[in-house]
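The next block holds one structure in the form of structure tokens; read it before the comments.
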Amino acid sequence: MEGNFTFTGDFNTLAVAAVLTVEMILALIANGVVLSITLYQRKSWKQSSTIFFTSLILAHLVLNLLYLPFAIIALAAGEWIFGSTDEEKIGTCTSAAFVYSFTIPVIFMTLAAISFDRFLFIVKPHLHKRFMRPWVALALTIVIWILSAVFSSAPLYGINEYLYLALYISLHSTLTLILTCVICYR
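Take 4 as the starting number for the sequence shown in this note's numbering and just add one per residue.
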């Protein structure tokens with residue numbers, strides 16, 4: 004990594020940072036409320052869907068607590084400011100990138116597990132009742148989190164690298180996504 008942490012983009016980073024701040028606050032409130040309600044209702048833990056949804060909520064909370072604050076501040080500042088030396092900046096960027104590249108696959112794989120669980124429940128209820136027990140859902144959830152950790156840790160072992168980038172991606176000219184500290188393959 005060369006040590007160039009400055010972003011020279013063509014969009015209003017302060018506006019994007021403000022939108023992401025609102026999104027983060029709403030996500031923290033919503034996920035916190037749903038998680039507390041879920042934890043309060045003990046008998047719902049006997050359902051596989053509750054285990055999957057709890058995993059999804061936890062992944063979103065990790066993303067909102069450990070990644071978004073860094074991304075918001077970096078976007079508002081226009082550069083990666085976490086650290087006084089290049090090594091410290093690389094370290095904090097790597098940590099934030101790991102959290103991002105870890106939680107996003109957890110979210111996607113958990114959504115796939117929820118889809119499969121709901122498919123079995125609706126289309127093949129006899130198979131769902133027979134195979135989709137709470138311990139199976141918990142085992143699948145643990146495997147999802149472990150696989151995501153293994154795959155996202157590749158740059159920590161020198162296979163790929165995390166770089167500070169601010170990418171402006173427009174989907175259908177209305178949806179914008181800002182990604183900072185993404186994995187860049189050599």
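Every residue, glycine too, gets a C-beta built ideally from N, C-alpha and C.
> Just the Cα atoms here: how many angstroms apart are G86 and T41?
Replying inline: 38 angstroms
> Going by C-alpha distance, which of V153, S58, I125, S156 is nearest F111?
Replying inline: S58
> Within this structure, are the beta carbons of A62 and T113 separated by less than 8 angstroms?
Replying inline: yes
> Since S151 contacts F105 with CB under 8 angstroms, what's their CB separation in whole angstroms?
Replying inline: 5 angstroms
> What are the boundary residues of the alpha helix (DSSP H) that includes E26?
Replying inline: 16-43
>> Is the separation between the beta-carbon of V25 and that of L69 shorter than 8 angstroms?
In response: no
>> Can you give me the C-alpha to C-alpha distance between T144 and I54, rounded to a whole angstrom?
In response: 8 angstroms
> Between which two residues does the alpha helix (DSSP H) harbouring A74 extend?
Replying inline: 71-80
> Going by C-alpha distance, which of W48, N15, L71, Q50 is nearest M3?
Replying inline: Residue 3 falls outside the range modelled here, since the chain spans only 4 to 189, and no answer is possible.
> Closest by CA to G35, which one among K49, L64, L23, I84?
Replying inline: L64
> Going by the CB atoms, is the gap between I84 and A20 shorter than 8 angstroms?
Replying inline: no
>> My assumption, with CB atoms under 8 angstroms, is that V109 sits in contact with I147. Please give the rounded CB distance.
In response: 6 angstroms
>> With the cut-off set at 8 angstroms, would you say L38 and I60 are in Cβ contact?
In response: yes
>> Rounding to the nearest angstrom, what Cα-Cα distance links I125 and F134 in this structure?
In response: 14 angstroms
>> Which residue marks the beginning of the alpha helix (DSSP H) containing P128, and which one marks its end?
In response: 128-134
> Using CA coordinates, which residue listed in P137, V153, S155, L159 is at the minimum distance from R45?
Replying inline: P137
> Using the rule of at least 16 other Cβ atoms within 10 Å of the residue's Cβ for burial, across every protein chain shown, is T16 buried or exposed?
Replying inline: buried
> So what does DSSP say about F111, is it helix, strand or coil?
Replying inline: helix
> Does DSSP put W83 in a helix, a strand or coil?
Replying inline: coil
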